[in-house]
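> For the sequence shown, the positions run 1 to 494 when full-length UniProt numbering is used. Backbone N, C-alpha and C define an ideal beta-carbon position, used for all residues, glycine too. Only a predicted model underlies this, so the values are computations on that prediction, with no experimental measurement involved. Pasting a structure below so you can have a look.
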Amino acid sequence: MKRVMHRRNFLKGAFGVTMALPFLDLFEAKRAMAQDMVKPKFFVAMRSGNGVAQAAGSEPEKFWPMERGQLTREMMQRLDNAGDLRSTGELADYYDKLLIVDGTKFSFPGNGCGHSGGGNQCLTATPPSATPSGNRSLATGESLDNYIQRMLVPGDPEPLTLASGRSSSYLDEVLSYREPAPGETNGRLRAAQRSPWDVYLSLFGSPSDQGNEYLENQIAMKRKSVNDLLREQLQDLRRRPGMSQADINRLQLHQDSIRDLEVRMLACHLPEQQWATLENAHNMELHRDPAEVEEITKMFMDVIALAFACDLKRAVTLQIGNGNDQTTYNINGPEYPFHWISHRIQGDGASGSAPSIENAANLHYQIDRLHAQWFKYLLDQLSGYTTDSGTLLDDCVAMWTNDLANGVGHGYRNIPYVLAGSAGGYLRTGHYIDARDTGNRDSDNWVPHNQLFNTIINAVGVGEAAGQPVEDFGHKGGEGHNQPRGGEIPGMIA
């Protein structure tokens with residue numbers, strides 16, 4: 001069994017202030033002597049809600065690329081007969097880093113609420129609970145992020161769980177689950193963190209409350225950066241024998257990224273006041289502002305890239321909007337909650353007497369494109385860090401997905417999966433594939449999405465660390481449901 005390499009390096013200064021350091025050849029050269037270690041890999045999932053504007057009924061295809069097979073920039077940027085770019089075309093700059101997969105499905109029906117049932121299965125590949133049901137239903141197993149984090153880093157089993165956009169008492173977080181407690185059958189839903197500043201402090205500030213308060217005071221009140229507080233230590237590091245020019249460039253990028261994030265966080269909060277979460281009982285309305293949702297989402301993405309660069313977490317989820325995303329997005333046209341748009345009517349129900357929303361399918365398509373642009377921002381941040389073999393993105397699997405296939409029908413077939421990064425060459429990037437060509441089809445001719453998860457799990461090194469590939473993530477059978485067909489999807493593998 002190989003040990004997974006950790007590259008956590010820190011500079012420490014006065015008052016317990018610390019800075020986690022990015023990948024540096026200076027330190028990796030020493031670790032390379034340990035031949036039984038493998039390079040760390042990372043997983044991040046960005047979840048959108050309400051399905052995507054893919055072909056359904058009389059509505060045309062607006063999401064998937066024009067053609068399966070090898071991706072090219074030109075093909076992804078091609079316009080359809082209506083003069084529109086497919087939503088995935090927003091990612092054309094990363095055509096050779098993408099692996100787009102259709103042909104998968106969720107294996108189990110919802111239990112009284114299509115949105116909740118989709119959220120239950122989205123990252124777990126397990127059935128919704130029998131009790132509770134409806135919008136309170138739970139997954140019956142752990143989520144992919146939880147499994148990857150606890151398997152790769154047993155001493156730090158908690159993944160980073162983030163959410164931006166509107167909250168809701170009806171259906172809020174749906175994505176990340178701990179495994180069921182002993183004697184229980186339902187997974188344990190993990191609450192998401194909603195303040196980028198709180199997450200930043202927990203990862204990059206002092207491990208002590210005293211240090212956090214000192215750091216917060218210096219940045220918020222005196223406009224100092226962590227870089228300023230560790231100036232002497234950084235200068236000493238730059239002068240150390242073995243620091244290459246590439247190391248110096250990486251360190252400078254890291255410092256610039258930290259300062260840029262701090263400046264943006266200051267601008268997002270009231271000046272001279274204590275940092276706090278942006279979403280709480282007093283400012284809930286702020287998160288319904290589309291401009292604020294985008295800013296918070298991108299700040300979280302900055303934190304994710306920093307956390308991976310410093311090997312502080314191996315798995316992260318970012319949920320956009322609540323369970324049936326009610327965020328009102330800033331798009332061209334009339335403004336309605338996204339959930340209404342996904343149903344094409346001015347209301348939350350799937351049918352009834354509510355007036356229709358004119359051109360709703362196009363509004364849905366515009367929101368898909370907006371989310372694709374946000375996902376591209378995440379890829380930009382991951383690509384900004386270089387390693388010995390490429391960029392941080394090359395050591396990742398970054399996934400953009402949804403807990404429904406399409407909004408109108410609350411469908412569970414043809415779930416969108418857009419992956420970026422090859423996890424060190426494991427995945428066959430630069431392609432758009434149909435999972436049904438090589439995957440293990442179910443009785444209804446679709447590929448259960450647990451097979452896609454098995455492939456990701458092995459790509460990021462869980463199988464290698466365990467000594468054998470993982471082929472059975474998700475539901476194992478029982479409680480009235482059969483186990484989905486397992487294994488990997490060979491067409492995803494390089």
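List the residues that DSSP assigns as beta-bridge partners of glycine 478.
Note: glycine 478 sits in a beta bridge opposite His481.
> Do the CB positions of serine 353 and glycine 407 come within less than 7 Å of each other?
No; because the gap between Cβ atoms is not below 7 Å, this pair is not in contact.
> Let me know if alanine 55 comes out buried or exposed under the rule of 16 or more other beta-carbons within 10 Å of its beta-carbon.
By the neighbour-count rule (16 or more Cβ atoms within 10 Å), alanine 55 is not buried but exposed.
> With a CB to CB cut of under 8 Å and the five nearest residues on each side skipped, what residues in its chain are close to glycine 349?
Here the set comprises His343.
> When DSSP labels each residue in this structure, what does alanine 361 get in the three-state scheme?
Residue state, collapsed to three classes: helix.
> DSSP puts proline 128 in a beta bridge; with which residues?
Answer is Ala139, bridged to proline 128.
> Which residues mark the beginning and the end of the beta strand (DSSP E) in which aspartate 102 is found?
First-last of the beta strand (DSSP E) with aspartate 102: 98-102.
> If you run the structure through DSSP and keep just helix, strand and coil, what is valine 462?
Here valine 462 sits in helix by DSSP.
> Establish whether the CB of aspartate 247 and some CB of chain C are separated by less than 7 Å.
As a matter of chain content, chain C is missing from the structure shown, which is built from one protein chain.
> DSSP beta-bridge partners for serine 422?
Partner(s): none; serine 422 has no beta bridge.
> Does the beta-carbon of threonine 131 have 16 or more other beta-carbons within 10 angstroms, so that it is buried, or is it exposed?
Exposed, by the Cβ-count rule.
> Among Asn135, Trp374, Ser87, whose alpha-carbon lies nearest the alpha-carbon of glutamine 77?
Among Asn135, Trp374, Ser87, the Cα nearest to that of glutamine 77 is on Ser87.
> What is the rounded straight-line gap between the Cα of alanine 459 and the Cα of aspartate 394?
C-alpha separation (whole angstroms): 11 Å.
> Out of Glu59, Ala246, Phe63, point me to the one whose CA is closest to proline 416's CA.
Ranking Glu59, Ala246, Phe63 by Cα distance to proline 416 puts Phe63 first.
> When you compare only the Cα positions, how much space is there between valine 462 and histidine 481?
Looking at the two C-alpha atoms, the distance is approximately 26 Å.
> Spell out the partners DSSP gives valine 44 in its beta bridges.
According to DSSP, which records beta bridges pairwise, valine 44 is partnered with Val316, Ala398.
> Any idea if glycine 101 is buried or exposed, counting beta-carbon neighbours within 10 angstroms, 16 or more meaning buried?
The question names glycine, but residue 101 in the sequence shown is valine. Counting Cβ neighbours within 10 Å, valine 101 comes out buried, since at least 16 surround it.
> If you draw a straight line from the alpha carbon of asparagine 324 to that of aspartate 442, how long is it in whole angstroms?
Their Cα atoms are separated by approximately 28 Å.
> With H, G and I counted as helix, E and B as strand and the rest as coil, what does DSSP make of serine 342?
Reduced to three states, the DSSP call for serine 342 is helix.
> If you reduce the DSSP assignment to three classes, tell me which class leucine 253 lands in.
Helix.
> Could you give the first and the last residue of the continuous beta strand (DSSP E) run that contains aspartate 434?
Segment 431-434, the beta strand (DSSP E) holding aspartate 434.
> When DSSP labels each residue in this structure, what does glycine 491 get in the three-state scheme?
Glycine 491 falls in the helix class under three-state DSSP.
> List the residues that DSSP assigns as beta-bridge partners of glutamine 193.
Answer is Leu162, bridged to glutamine 193.
> Which term fits glycine 118, buried or exposed, when burial requires 16 or more other beta carbons within 10 angstroms of its beta carbon?
Buried, because 16 or more other Cβ atoms sit within 10 Å of the Cβ of glycine 118.
> Go ahead and pull the three-state DSSP assignment for serine 107.
If DSSP states are grouped into helix, strand and coil, serine 107 belongs with coil.
> Kindly indicate which three-state DSSP category threonine 72 falls into: helix, strand or coil?
Coil.
> Taking the alpha-carbon positions, what's the proline 109 to arginine 250 distance?
Computed Cα separation, rounded: 48 Å.
> According to DSSP, what are the bridge partners of serine 356?
For serine 356, which the question treats as bridged, DSSP gives the partners Ile345.
> List the residues that DSSP assigns as beta-bridge partners of arginine 413.
The partner list for arginine 413 (beta bridge, DSSP) reads Lys105.
> If I follow the unbroken alpha helix (DSSP H) through histidine 115, where does it start and stop?
First-last of the alpha helix (DSSP H) with histidine 115: 114-122.
> Counting C-beta neighbours from all protein chains within 10 Å, is the total for leucine 370 16 or more, i.e. buried, or is it exposed?
That one is buried.
> If you measure between the beta carbons of glycine 424 and asparagine 450, is that distance less than 7 Å?
No, these two residues do not count as a Cβ contact at 7 Å.
> If I measure Cβ to Cβ from histidine 282 and keep anything under 6 Å in the same chain, skipping five residues before and after, which residues do I get?
At histidine 282, the pLDDT of 31 sits below 50, so the modelled position is not reliable and the matter cannot be decided from this model.
> Just checking, does the segment 295-310 make contact with the segment 137-152 on the three C-beta pairs under 8 Å criterion?
No, they do not touch.
> Out of curiosity, what's the CA-to-CA distance linking lysine 313 and glutamate 158?
Roughly 8 Å between the two C-alpha positions.
> How would you call leucine 270, buried or exposed, if buried means at least 16 neighbouring beta carbons within 10 angstroms?
Per-residue confidence for leucine 270 stands at a pLDDT of 27, beneath the threshold of 50, marking its modelled position as unreliable; the derived number appears in the next sentence. Under this definition leucine 270 is an exposed residue.
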